[in-house]
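Novice: Just so you know, the working numbering puts the end of the sequence shown at 1716, numbered straight through with nothing missing. We put the CB at the ideal spot given by N, CA and C, even for glycine.
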Amino acid sequence: MPDSGCSCVTPKSALQNVLHDNVCEEFWREYLQGAEATTFPQISATVHQAQRTAEEERWIGLRTGNASRRLNPSAGFIHTAWALLLGKYTDSQDVAIVSGTSFPGQNFQEVLLLPIRFKMGSEVHTRNLVQQADEIARKTMSSNKLIPQYAAEFAKMASNSVLIIQSESQTKQLLRHESASGWPSSICALLLHCAFSESGVQIRAQFDPVVIHLVQVQRLLRQLDHVVQQLLSSEDILAGNVDFISPEDQQEIALLNSGAGTPDACIHDLILEHVRTRPDAPAVNAHDGDFTYGDLDGLATKLSKHLVDLGVGFGTFVPTLFEKSKWTQVAVMAILKAGGAFVMLDPAHPPNRNRLICQKVRASIALASPSSHHVLRTADGPDIIVLNEDLISSISVSTSTTPLPTPTPSTCAYVLFTSGSTGMPKGALLEHRSFAAAACNIARTTNMSPQTRTLQFGSYSFGAAVVEIFTTLIAGGCVCVPSDMQRMSGDLPAFTTTYRVNWAFMTPSLARTIDPAALPSLKVLVTGGEAITPDLLLAWAPQLDLYTVYGSAEQSSIAAMAGPLVVGQSGGAAEFGRPFPGNYMWLIDPDDPERLVPVGCVGELVLEGPLVARGYLDEPEKTTIAFPQNFGWRNAFAKHPDGTMRFYRTGDLVRYGVNGVPEFVARKDGYIKLRGQRIELGEIEFQLKRVMDSPLDLCVEVVVPENGKHTDDAALVAFIALGAEYESDDDDQARDRPSLQNKKLLAEHLGPIEEQLRKQLPEHMIPRLFFPLRILPVTVSGKILHRTLRERGAQLSVKQLAELSLHRTCQTEPSSEMEKYLQSVWSQLLGIPMSSISAGDSFIAVGGDSLKVIKLFTRLRDDGYEIDVPGILAAPMLSEMALKCHQAAEAGEWADD
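Here it is in structure tokens:
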């Protein structure tokens, strides 16, 4: 039956109402001291009024060996079981539930709402919880400590769900009078009528299907039944030992984690099939030349023999450093054929970082392009092989007597380095079988074929590049490689059209910069690194096959996929798809990995299967933590068809959606993804502390401004504590943003810090916004309150956030017409007022990034200014950029004359 909805009541005002009567004030003040709302199910922050229009029922038989308890079970068992379950769903050991019952002597027009508080440490005996619940109910009803007309006010604060405990006959009468009384239709989104009889409890759940789905209500009732049976069957069970996984949960989890095995092969062997059957088919179409499958294999084989002669073999890690080029594909194929593992580096990254990775893999040999080889040439660095036509021509295969090794599927194929919490990048070791399993599933799911022409856009240092290159070659398609200029200059649509690209991987942030109509040849778009937003779904899904993926370096880059997505039929933005066949996803208790969480609860995602990496290079402690050997709960399920037991704890907090598809909730550690790039905030903090002149406390967070429209507006912000030097300002505190004086003080401390960081970190890891504080907010135990920092930053607008740049301490108004034009363009692209942009501002410092640079290039080109991306990056200051544009305009006029 429809109901009227509810309004929010703050905890403070609700508690005031509860304490209205002086007689009961002391009792309830002590009982509810520190109580917080148990908000389950979660009602949207938007003004949604609960409308409980759906129902579901379940019979709970009171099965127990204790005859007396079977005849007269107390309501405390239901109360305690429900509190334990809510505690699991809300990750809380202090839970306030609301129970409703008729008050002695009153009619059924009114119901007493009783708040019952449970403090449930893992060592607490559940029998004590049951007794305490019964005792508080008895005391309240006998002494009239809670006035019924005020109880509903606390209910609105304490819980979005209410239990009504009645006898079977009372429940029938209550339901008949409910609509007439106007209660409890305006209280909550989930109402459980519990009708006790001699043999059990009939539970009728009335719920708002907009707030909580029928499937989740069914799960809850099954889990409640399961917990009740445990409480009845054991006198001494501890709260920490209660099993929340119902038999139905067990079956659902088993069904979600089943499937056939996957191919067990080497990457280059899968490609060899196309070399044999289609040697003249195009394998690589690049801006600097083309290779057929026969060409690619012949060149790779020739180079691999040369590498073997130089000592490359099993256990050898060979770094590669190339700009976008056809030769990259030859280099990595040759390394695999030689039995080694490739380590792709990015020339755009700081030289120090690339050299550090060479040291970590103990590289004796590296392959590089003619224009990049000097980066790796150091006194203690590897021998550099410059790969080009001249080298290939100089290699004499006939003189090589060393046979090529025969790698196995368990041989390490490549190493992907990711950001590390200790300030040092860490390398995930991926075997042939791991990537082969992922590639075959990606190709099958997205219908790759010999007609597939893939855009090789991803940076070589990220897993996306490995997917683009080798998945395409395994499927028999063609890898299309733009130049770095074409890739980052806004000419991507022209390249995709010219090269007939029909398959691409992009982050949603990149896809948002492109008009789908500008890519008419594209048939498949795979997105990852961020959630797909409704606007992207609406823009792209009608035009092509749109997929979203989930994965990381430790999971062969892609471990799950959803799609093709359909407007109006696809799941929520947080859904990232089902795992590939033969790869399982388990959700464990983040605080107790030896326990699975019930279906519907948030847990840490654990991946099992051949996609999982071997571990981290020379990081035994981190490998032990992230790649456990086994879990006790695993024995309750069927063995993996491949017989493997390889696990990876992702650190992602996830829950199963109502359709069984995993939904991303949050991270449990310092890893974040910003515009698709995986970042460890700890590494940024480590490098910041290294380059700072003074030992100030600091913390780096990702902040989304209050008026930000997309994740595009998110920014890395370094919060830095100035201590006693911080100058207080009442107005500063009132507006909750730093004063100009404190920003100047911080700028003096930091100096040219961005320039120093650029020598150690990639561009996407450099914070350009710095928030001065007196002290960092911390807990009683001294831990930094990260959420408080993010919330403080989120109170700022895009404009105010941009003012945190170190370059904003001295402003000069734009004066020339060109400067004023750029000021207007920047304002539109960055979403900040023109008044907040000065002639001395840097485009990057006031909120620009690599994707916004592309947008700026496109806008300037459309307006007739031929300044390329390198030109923009070389002159990021508005006054300098204006001069470049002016010179470009004059050059264009001279050419026309």
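CB residue 1406 to CB residue 1475, shorter than 9 Å?
Specialist: yes
Novice: Can you tell which of 1361, 1413 and 1070 has its C-alpha closest to the C-alpha of residue 1383?
Specialist: Of the candidates 1361, 1413 and 1070, the one whose C-alpha sits nearest the C-alpha of residue 1383 is 1361.
Novice: Put residue 1467 into one of helix, strand or coil per three-state DSSP.
Specialist: strand
Novice: Kindly list the residues whose CB is nearer than 6 Å to the CB of residue 1452, restricted to its own chain and excluding five residues on each side of it in sequence; keep chain order.
Specialist: Cβ within range, chain order: 1415.
Novice: Buried or exposed: which applies to residue 1689, given that a residue is buried once 16 or more other Cβ atoms fall within 10 Å of its Cβ?
Specialist: exposed
Novice: According to DSSP, which residues form a beta bridge with residue 1537?
Specialist: 1519 and 1589
Novice: Can you give the Cα-Cα distance for residue 870 and residue 1012, rounded to whole angstroms?
Specialist: 16 Å
Novice: Nearest-angstrom Cα distance between residue 857 and residue 909?
Specialist: 7 Å
Novice: Do the CB positions of residue 1436 and residue 1158 come within less than 9 Å of each other?
Specialist: no
Novice: Skipping 5 residues on each side, what residues in its chain have a beta carbon closer than 6 Å to that of residue 1038?
Specialist: 1418 and 1419
Novice: Which residues share a DSSP beta bridge with residue 938?
Specialist: 913
Novice: Helix, strand or coil: which one does DSSP assign to residue 1658?
Specialist: coil
Novice: Give me the Cα-Cα distance between residue 1493 and residue 1473, rounded to the nearest whole angstrom.
Specialist: 19 Å
Novice: Within this structure, are the beta carbons of residue 1345 and residue 1324 separated by less than 9 Å?
Specialist: yes
Novice: Considering Cα atoms alone, identify which of 1327, 1487, 1234 and 1609 is closest to residue 1281.
Specialist: 1234
Novice: Work out the CA separation of residue 1432 and residue 1074 for me, nearest whole Å.
Specialist: 24 Å
Novice: Does the Cβ of residue 1178 have 16 or more other Cβ atoms within 10 Å, making it buried, or fewer, making it exposed?
Specialist: exposed
Novice: Helix, strand or coil for residue 1413, going by three-state DSSP, please let me know.
Specialist: strand
Novice: Taking just the CA atoms, how far does residue 1521 sit from residue 1610?
Specialist: Cα to Cα, the separation comes out at about 10 Å.
Novice: Throw me the rounded Cβ distance for the residue 1430 and residue 1402 pair, which I believe falls under 8 Å.
Specialist: 5 Å
Novice: Using a Cβ-Cβ cut-off of 7 Å (strictly less than) and excluding sequence neighbours within five positions of residue 1762, which residues of its own chain qualify?
Specialist: No statement about residue 1762 is possible, as the shown extent of the chain runs from 820 to 1716 and does not include it.
Novice: If you follow the beta strand (DSSP E) that residue 1173 is part of, which residue opens it and which one closes it?
Specialist: Careful: residue 1173 lies outside any beta strand (DSSP E), inside the alpha helix (DSSP H) at 1170-1179.
Novice: Out of 1377, 1243, 1317 and 1439, point me to the one whose CA is closest to residue 1287's CA.
Specialist: 1377
Novice: Which stretch, first to last residue, makes up the alpha helix (DSSP H) that contains residue 1104?
Specialist: It is not in any alpha helix (DSSP H) - residue 1104 instead sits in the beta strand (DSSP E) that spans 1101-1105.
Novice: Skipping 5 residues on each side, what residues in its chain have a beta carbon closer than 6 Å to that of residue 1125?
Specialist: 1214
Novice: Check whether the Cβ of residue 1222 sits closer than 8 Å to any heavy atom of the ligand MG, and report yes or no.
Specialist: As presented, the structure is devoid of all ligands, the ligand MG included, so that no description of it is given.
Novice: So, do the segment 1680-1689 and the segment 1333-1349 have three or more beta carbon pairs nearer to each other than 8 Å?
Specialist: no
Novice: Taking the alpha carbon of residue 1454 as the point to measure from, which residue in 1413, 1469 and 1421 has its own alpha carbon closest?
Specialist: 1413
Novice: CB residue 1511 to CB residue 1572, shorter than 9 Å?
Specialist: yes
Novice: Counting C-beta neighbours from all protein chains within 10 Å, is the total for residue 878 16 or more, i.e. buried, or is it exposed?
Specialist: Exposed.
Novice: Please classify residue 1193 as buried or exposed, where buried requires at least 16 neighbouring CB atoms within 10 angstroms.
Specialist: exposed
Novice: Please report how far the alpha carbon of residue 1410 lies from the alpha carbon of residue 1056, in whole angstroms.
Specialist: 20 Å
Novice: Do the segment 1575-1593 and the segment 1163-1175 make contact, defined as three or more Cβ pairs closer than 8 Å?
Specialist: yes
Novice: Given this structure, state the Cα-to-Cα distance separating residue 1698 from residue 1659, to the nearest angstrom.
Specialist: 6 Å
Novice: If I'm right that residue 1022 touches residue 1008 with Cβ under 8 Å, what's the distance once you round it to whole angstroms?
Specialist: Not quite, the Cβ-Cβ distance comes to about 16 Å (not below 8 Å), so this is no contact.
Novice: When DSSP labels each residue in this structure, what does residue 1503 get in the three-state scheme?
Specialist: helix
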